[in-house]
Amino acid sequence: MTQTKSNFLMVCLRGTSQVFFMENALTGVLFFVAMAYASYVSGVWATTIGAAVGIVVATLTAQVLDLDEESIEQGLYGFNGILIGAALPTFIAVSPQLWVYVVVGAAASTVFTAAFSATLTKVFGVPGSTGPFVLTGWLMVAGAYSFGGLDVIGDSPRLPTATTQHAMVIPQGIELVEIFFRNIGQVYLLGSAVSGAIILAGIFIASVAAGIAVVAGSVIAIIVSVAMAADPALVRQGLYGFSPVLTALAVGVIFLQPSLRVALYAALATVVTVFIQGALDIIVAPSGVPSFTAPYVLTMYLFIAPKKLMVPHPHKPVVGHSVGGAPASGGS
Amino acid sequence: MTQTKSNFLMVCLRGTSQVFFMENALTGVLFFVAMAYASYVSGVWATTIGAAVGIVVATLTAQVLDLDEESIEQGLYGFNGILIGAALPTFIAVSPQLWVYVVVGAAASTVFTAAFSATLTKVFGVPGSTGPFVLTGWLMVAGAYSFGGLDVIGDSPRLPTATTQHAMVIPQGIELVEIFFRNIGQVYLLGSAVSGAIILAGIFIASVAAGIAVVAGSVIAIIVSVAMAADPALVRQGLYGFSPVLTALAVGVIFLQPSLRVALYAALATVVTVFIQGALDIIVAPSGVPSFTAPYVLTMYLFIAPKKLMVPHPHKPVVGHSVGGAPASGGS
Amino acid sequence: MTQTKSNFLMVCLRGTSQVFFMENALTGVLFFVAMAYASYVSGVWATTIGAAVGIVVATLTAQVLDLDEESIEQGLYGFNGILIGAALPTFIAVSPQLWVYVVVGAAASTVFTAAFSATLTKVFGVPGSTGPFVLTGWLMVAGAYSFGGLDVIGDSPRLPTATTQHAMVIPQGIELVEIFFRNIGQVYLLGSAVSGAIILAGIFIASVAAGIAVVAGSVIAIIVSVAMAADPALVRQGLYGFSPVLTALAVGVIFLQPSLRVALYAALATVVTVFIQGALDIIVAPSGVPSFTAPYVLTMYLFIAPKKLMVPHPHKPVVGHSVGGAPASGGS
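So the sequences go chain by chain: S, V and L.
At position 152 of the first sequence the residue is numbered 153 (our numbering), and the sequence of numbers has no breaks.
At position 134 of the second sequence the residue is numbered 135 (our numbering), and the sequence of numbers has no breaks.
At position 234 of the third sequence the residue is numbered 235 (our numbering), and the sequence of numbers has no breaks.
Dropping the structure here:
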């Protein structure tokens with residue numbers, strides 16, 4: 002263990018950037034700037050402070066548990082913790098118990114990340130991604146209703162309203178631009194368009210291809226959610242866009258080898274993510290928890306599990322000659 | 002790709018028959034006749050048209066994704082799509098967005114089928130069966146509540162009524178016969194007894210053993226649901242029978258080598274499926290979605306996972322001589 | 002099959018003790034004494050009779066299915082059945098259908114135990130533990146709402162109350178002692194402190210280390226649930242303690258090699274279990290089922306999945322010399 006203080010800071014900043022699959026400390030700095038800007042505007046600093054606590058605790062826990070050093074260095078044991086740290090103060094009022102919750106939740110997210118890694122990734126070849134955050138976040142927000150020391154802000158457990166029939170509302174001009182950026186900012190639970198723009202800049206610094214995928218994801222999300230006549234209030238806040246943005250990036254650029262075929266596959270996945278966003282908002286309502294990035298996580302798991310489909314296919318071997326190596330059989 | 006038009010039609014018809022695990026184009030034709038008859042009686046054609054769209058889109062998607070050719074040929078990438086195509090117009094009113102939903106849902110069902118195949122089947126040896134249909138169907142019907150362009154027909158999200166105490170009602174005469182056939186027709190979401198009879202004929206054409214299992218499943222379902230005093234209205238519509246029918250067929254004939262022992266095992270599984278039908282109807286109620294074939298899927302997964310138990314056991318090897326090959330140890 | 006009657010009794014008693022991971026017939030006798038004492042006090046004998054039926058049916062089912070003999074001998078195919086037998090009469094009023102339910106449920110629990118074993122354990126290395134009980138119990142209690150022949154006692158399906166704000170109540174004196182023992186008794190769904198004390202004695206007879214872990218789990222559960230201001234009525238009945246007790250025992254002593262590091266890991270897991278208890282109580286409320294031991298099961302699965310982390314780490318191999326065997330890489 003020759004971790005110096007400065008190294009630890011770099012690890013945390015790389016972890017901060019891993020929320021968008023980047024591994025770039027400068028990108029991490031910009032993401033923290035985006036969070037701080039949103040806190041400055043709203044006056045609520047608990048989220049940004051929570052994020053800092055989350056990334057530190059999650060990363061330290063990984064070190065204490067002696068998890069895979071390379072993964073820790075890349076920040077892969079930090080990004081679920083930072084999301085827990087940002088999310089809990091977004092949905093639970095500040096109290097002494099909240100900070101206990103943030104610390105224990107961030108530590109648990111590291112254990113859960115290791116568990117996803119040892120099962121989902123090792124056996125099925127599917128990355129855990131923000132699945133551990135979704136699981137931890139659901140349990141902790143739901144749990145908060147049981148504890149007097151924790152006061153949930155936001156939607157209480159409720160039956161989904163079945164009668165709501167939203168008319169189709171096509172956003173115009175500046176509002177359209179704001180939604181475009183909020184779709185990106187909401188990945189970090191930030192409703193600020195400026196924060197979204199800062200995050201997008203951070204992504205482009207790390208990877209132009211990633212930036213393009215994020216832009217495409219946000220555009221597809223707007224088109225599909227508007228065409229299906231989703232609740233305009235949710236669309237406006239960027240709540241129909243952050244999961245599709247992650248899907249476009251993960252399926253289109255990060256976990257598959259980019260190609261025209263993969264781009265079309267990722268576009269289908271992104272459209273499906275918008276539908277699953279609508280579905281999970283209904284399904285989690287009686288538990289009083291937000292759907293978090295579950296629409297992305299579920300879609301990505303299902304589209305990446307058969308990933309061998311997406312590798313470049315050699316031409317079929319000539320029967321009886323077998324010149325092309327293994328036959329290009331699929332995921333059945 | 003030397004698929005001719007006629008070949009494609011045969012693939013789609015085989016896929017249609019695969020809903021009952023058959024691989025027989027004529028059976029597929031009869032299943033479409035059953036659907037068309039029910040549409041003719043009810044005047045609602047969207048379900049039959051949706052089924053046709055579903056099987057075509059799902060099969061085409063598998064071809065475009067270059068999935069395993071043999072599985073495509075057998076219709077294994079089509080039957081989840083046809084069920085999506087039949088189910089969505091059953092539970093969602095016709096609108097332009099519904100047809101978008103059917104097409105995207107059928108395409109997604111093929112990806113999900115590949116995902117189940119690459120994980121559940123490859124790693125655990127458990128067939129995905131209609132699991133991808135259940136997952137896709139739940140997500141899309143739940144999602145429909147979020148979108149103004151989609152109007153859900155049928156039960157809205159609700160808390161299960163705990164006070165309902167149904168008296169035991171024993172169906173008599175012609176009604177008993179109708180329930181027997183509706184239990185079969187409802188696999189294709191058809192409430193028509195005649196449609197159920199046509200489907201049963203189609204199954205017998207393909208396999209006598211399969212036909213017998215279906216008959217047994219329907220009978221067991223009636224006995225158990227009546228004896229437990231299930232809601233007579235649901236029993237009458239065949240809604241307590243279609244999952245048990247599939248369980249009896251899948252566990253008794255398709256996925257295990259038939260024997261007396263397997264028949265008893267399948268009978269237990271069929272009884273359990275009736276109980277799980279009662280359970281899932283309660284559990285999914287707050288989400289406002291039907292339980293679809295989930296009672297069958299869950300039961301089948303749990304009874305097939307330890308399938309090594311059900312292979313014929315050789316006599317134990319003589320200790321110290323080891324004449325009998327590997328010891329007949331079970332699923333522990 | 003040379004099982005004699007007396008052997009079968011021993012197998013059942015060992016299965017009874019396996020609820021706490023013990024393999025000791027005398028411990029099993031004490032556990033039945035604890036159940037009988039609670040029945041004597043409450044006047045409700047269906048639970049104790051149900052437990053006896055459950056262990057017999059589950060064990061017989063395992064024998065008929067010819068499951069792994071050693072596992073059967075150790076009682077590993079019995080403990081889920083005994084819990085089903087104890088739980089169903091706790092939550093469902095006595096009727097002829099209840100006893101059908103107990104018998105079929107106990108038989109199904111054995112199949113489900115084999116299914117968990119063939120998948121979770123074989124592929125991921127995670128013990129199924131009481132997971133099959135939780136799954137079977139949820140399905141059967143939820144199903145009971147659908148059947149007129151079954152009448153659920155206890156909480157009906159409901160939306161969680163979001164406004165409940167419990168003040169922090171610190172239990173004192175004799176009440177504290179009672180909670181401490183009820184936390185143990187509730188593993189067998191017993192609200193009697195005396196029964197809890199008898200169970201604890203049974204555990205100490207089988208293993209002192211196990212007894213210490215159980216004591217520690219109960220103490221941690223009281224501290225955390227009181228500090229978070231959980232509902233005092235639930236804390237008093239021991240309902241915040243039985244899952245943490247199992248977690249402390251399973252993670253701290255049974256499934257990992259005890260050490261200081263493992264003790265700290267188990268302490269974190271135990272704290273997390275209290276939070277997950279609060280969460281699952283909310284999440285299962287709309288289905289009208291109890292959370293059973295799910296908080297323990299979920300926590301244990303997640304903390305044991307990356308268990309390679311917890312084996313003693315050799316010093317890192319000298320690079321280029323490789324003296325230390327495999328590098329101590331973690332669960333990524």
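Quick reminder that beta carbons are idealized off the backbone N, C-alpha and C, glycines included.
Cα separation between A270(L) and L257(L)? One alpha carbon belongs to A270(L), the other to L257(L), and they sit about 13 Å apart.
Among all the DSSP beta bridges, which residues are the ones paired with I224(V)? Paired residues: none, contrary to the question.
Chain-ordered neighbours of L235(L) on chain V, where CB pairs are closer than 7 Å: The premise fails here: L235(L) is roughly 20 Å from chain V at the closest Cβ pair, so nothing lies under 7 Å.
What does G279(S) reach in chain V if we use C-beta pairs closer than 7 Å? Close to G279(S), with beta-carbon spacing below 7 Å, are these residues of chain V in chain order: G144, S147 and F148.
Looking at the C-beta of I1(V), does it have a partner C-beta in chain L at a distance below 8 Å? No information on residue 1(V) is available, as it lies outside the stretch 2 to 333 that chain V covers here.
Let me see if you follow: with CB-CB separation under 8 Å, is M23(V) close to chain L or not? Under the Cβ distance rule, M23(V) does not count among the residues neighbouring chain L, no pair being separated by less than 8 Å.
How far does the alpha helix (DSSP H) with S292(L) in it reach, from first residue to last? That residue, S292(L), is in no alpha helix (DSSP H); it is neither H nor E in DSSP.
Sort A228(L), I213(L), G86(L) and G279(L) by Cα distance to S244(L) and report the nearest one. Answer by Cα proximity: G279(L).
In angstroms with no decimal places, state the Cα-to-Cα distance between G29(L) and T248(L). Cα to Cα, G29(L) sits roughly 20 Å from T248(L).
By how many angstroms is the C-alpha of Q166(V) removed from the C-alpha of G55(L)? When the Cα atoms are used, G55(L) and Q166(V) turn out to be separated by approximately 26 Å.
Would you call the segment 29-48 of chain V and the segment 178-197 of chain V touching, i.e. three or more CB-CB distances under 8 Å? Segments in contact, yes.
Quick one: is L303(V) near chain L, going by C-beta distance under 8 Å? Yes - at least one Cβ of chain L is within 8 Å of the one on L303(V).
Among L191(V), P158(V), L235(V) and Q19(V), the one whose alpha carbon lies nearest that of T60(V): It is Q19(V).
Looking at the secondary structure, which residues open and close the alpha helix (DSSP H) in which I171(V) lies? Careful: I171(V) lies outside any alpha helix (DSSP H) and carries neither H nor E.
For chain L, find out if any of its Cβ atoms is closer than 8 Å to the Cβ of T248(S); answer yes or no. For T248(S), the nearest beta carbon of chain L is not closer than 8 Å to its own beta carbon.
Sub-8 Å separation of Y146(L) and G289(L) beta-carbons: Going by C-beta atoms, Y146(L) is nearer than 8 Å to G289(L).
Contact set between the segment 118-131 of chain V and chain L, restricted to residues whose Cβ is under 7 Å from the partner: Residues passing the 7 Å Cβ filter: V124 and F125.
Whose Cβ in chain V lies nearer than 8 Å to the Cβ of F113(L)? Within chain V, L303 have C-beta atoms less than 8 Å from the C-beta of F113(L), given in sequence order.
Which of helix, strand or coil DSSP assigns to A230(L): When DSSP states are grouped into helix, strand and coil, A230(L) belongs to the coil group.
Would you tell me roughly how many angstroms separate the C-alpha atoms of F276(L) and M169(L), rounded to the nearest one? For F276(L) and M169(L), the distance between alpha carbons rounds to 16 Å.
Just to confirm my understanding: we take S208(L), look at its own chain, exclude 5 residues before and 5 after, and list those with CB closer than 7 Å. What are they? Excluding positions up to five away in sequence, the list reads M23.
Is T49(L) near S43(L), with beta carbons less than 8 Å apart? No, these two residues do not count as a Cβ contact at 8 Å.
Coarse secondary structure for F205(S), derived from DSSP in three states: DSSP, reduced to helix, strand and coil, places F205(S) within a helical segment of the structure shown.
Just how far apart, CA to CA, sit K123(V) and V124(S)? Rounded to whole angstroms, K123(V) to V124(S) spans 10 Å at the Cα level.
Listing by chain order, which chain S residues have their CB less than 8 Å from the CB of R159(V)? Neighbours of R159(V) on chain S, chain order: L160.
I'd like to know whether the C-beta atoms of V127(V) and L121(V) end up nearer to each other than 8 Å. With respect to the 8 Å criterion, V127(V) and L121(V) are classified as neighbours on the basis of their beta carbons.
Quick one: Cα of P97(V) to Cα of S110(V), how far? If you take the alpha carbons of P97(V) and S110(V), they lie about 20 Å apart.
Tell me, please, whether the CB atom of Q1(S) is closer than 8 Å to any CB atom in chain V? The requested residue 1(S) does not occur in the structure, where chain S is confined to residues 2 to 333.
In the segment 222-234 of chain S, which residues sit with their C-beta less than 8 Å from some C-beta in chain V, listed in chain order? Residues of the segment 222-234 of chain S whose Cβ lies closer than 8 Å to any Cβ of chain V, in chain order: A228, M229, A230, A231 and D232.
Could you give the residue range of the alpha helix (DSSP H) that holds S43(V)? Per DSSP, S43(V) belongs to the alpha helix (DSSP H) from A26 to S43.
Residues of the segment 169-198 of chain V with Cβ closer than 7 Å to any Cβ of chain L, in chain order: Listed by position along the chain: M169.
Closer than 8 Å by beta-carbon distance: list the chain V residues that pair up with L269(S), in chain order. V105, A108, A109 and V112, listed in chain order.
Taking C-alpha atoms, which residue in W46(L), V45(L) and G86(L) lies nearest to G16(L)? When each option's Cα is compared against that of G16(L), the closest is G86(L).
Based on Cα-Cα distance, which residue from P158(L), I171(L) and P133(L) lies nearest to R237(L)? Comparing Cα positions, the closest option is I171(L).
Under a three-way DSSP split, which group does G326(V) fall into? Because the pLDDT of G326(V) is 31, which lies under 50, any placement of that residue in the model is unreliable, and the question is left without a value.
Is it the case that the Cβ atoms of M301(S) and A251(S) are separated by a distance below 8 Å? In contact: M301(S) and A251(S) (Cβ atoms closer than 8 Å).
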